[in-house]
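As you go down the protein sequences, you meet chains E and Z in turn. Read in order, the letters of the first sequence correspond to residues 70 to 182 in our numbering. Read in order, the letters of the second sequence correspond to residues 611 to 721 in our numbering. By construction, the Cβ of each residue, glycine as well, lies at the ideal position given by its N, Cα and C atoms. What follows is a set of notes on a single structure, which appears directly below.
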Amino acid sequence: NAGVTQTPKFRILKIGQSMTLQCTQDMNHNYMYWYRQDPGMGLKLIYYSVGAGITDKGEVPNGYNVSRSTTEDFPLRLELAAPSQTSVYFCASSYPSGQNEQFFGPGTRLTVL
Amino acid sequence: DQQVKQNSPSLSVQEGRISILNCDYTNSMFDYFLWYKKYPAEGPTFLISISSIKDKNEDGRFTVFLNKSAKHLSLHIVPSQPGDSAVYFCAASEGRNQFYFGTGTSLTVIP
């Protein structure tokens, strides 16, 4: 199993550009999440999904959109990139049992200039 | 407003000694608490968790203690090893939907 994979690893965007951060998991997990981590801060939840076709906002959803058309994929869309969206983005997944733990991808480092 | 707080940004411990990492929370509705370990340029990895109905959970060298009246949890690592050097995040959730993370404590284990 590859676990949770994220692409790209790094990206530099200009203000106003748009992009999609890709996230795929091969563990058949129902739950998927997107977080951002700013320097010296903890992870903050952007959006989450409890299954295909179901998404909901987290703590910091403004400026982002998500979709969940399959169990495996949970892409994060930035429509009009702003410098405040410079961050490291982590995707995670979990299954609805066990210890409530999440499995994280390696992250995407995004810089908006 | 930060619902989960880790007030110690860093901690240094001698190899073989105990490491104690602390975490405070404000929301009494949290029902699950977790600790994650993170190395640079990697995603966090799960270490150990505890539900709100327990006050202690142990897994090998790692023990998590929960004090609900004080809204405080701690992670004990005994004995500490150089490979334990990493950033440790505590997290809390109400159910499985919304998770709140602390700002992390950087642990250095000195050989």
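Close beta carbons around Ser661 (chain Z), own chain, < 6 Å, minus the five adjacent residues each side: Taking the first residue of the second sequence as 1, we reach residue 661 (chain Z) at position 51. Excluding sequence neighbours, Ser661 (chain Z) sits near Tyr642.
8 Å Cβ shell around Asp125 (chain E) - same chain, five flanking residues per side excluded: To locate residue 125 (chain E), count along the first sequence from 1; it is residue 56. Short of 8 Å from the beta carbon of Asp125 (chain E), and not among the five residues preceding or following it, lie these beta carbons of its own chain, in chain order: Tyr116, Tyr117, Ser118 and Val119.
Proximity to Trp722 (chain Z) [Cα-Cα], best of Z:Pro619, Z:Asn667 and Z:Ile658: Within the shown structure, residues of chain Z are numbered from 611 to 721, placing residue 722 (chain Z) beyond reach of any answer.
Burial state of Ile720 (chain Z), where buried means 16 or more other Cβ atoms lie within 10 Å: Against the second sequence, residue 720 (chain Z) aligns to sequence position 110. The residue is exposed, with fewer than 16 neighbouring Cβ atoms inside 10 Å.
Under 7 Å from the C-beta of Phe640 (chain Z): neighbouring residues of chain E: Translated into positions along the second sequence, residue 640 (chain Z) becomes position 30. Under the 7 Å cutoff, chain E gives no residues; its nearest Cβ is about 11 Å from Phe640 (chain Z).
The stretch 689–704 of chain Z: positions lying closer than 7 Å to chain E by Cβ: Phe699 and Ser703
Phe675 (chain Z) versus Asn632 (chain Z): straight-line alpha-carbon distance, rounded: Mapped onto the second sequence, residue 675 (chain Z) falls at position 65. Mapped onto the second sequence, residue 632 (chain Z) falls at position 22. C-alpha separation (whole angstroms): 10 Å.
Segment contact flag, the stretch 691–701 of chain Z with the stretch 144–156 of chain E, C-beta cutoff 8 Å, min 3 pairs: no
Cβ-Cβ distance between Phe711 (chain Z) and Tyr104 (chain E) below 9 Å: Here residue 711 (chain Z) refers to the residue found at position 101 of the second sequence. Here residue 104 (chain E) refers to the residue found at position 35 of the first sequence. One thing to note: Phe711 (chain Z) has its Cβ within 9 Å of the Cβ of Tyr104 (chain E).
Exposed unless 16 or more other CB atoms sit within 10 angstroms - verdict on Phe79 (chain E): Mapped onto the first sequence, residue 79 (chain E) falls at position 10. By the neighbour-count rule (16 or more Cβ atoms within 10 Å), Phe79 (chain E) is not buried but exposed.
Neighbour flag for Ala151 (chain E) against chain Z, beta carbons, 9 Å: Looking up residue 151 (chain E) in the first sequence gives position 82. No - not a single Cβ of chain Z is within 9 Å of the one on Ala151 (chain E).
Nearest candidate by alpha-carbon position, reference Arg137 (chain E), set E:Leu114, E:Gln91, E:Ile84 and E:Pro77: Counting from 1 along the first sequence, the entry for residue 137 (chain E) is found at position 68. Nearest neighbour of Arg137 (chain E) by Cα position, chosen from E:Leu114, E:Gln91, E:Ile84 and E:Pro77, turns out to be E:Gln91.
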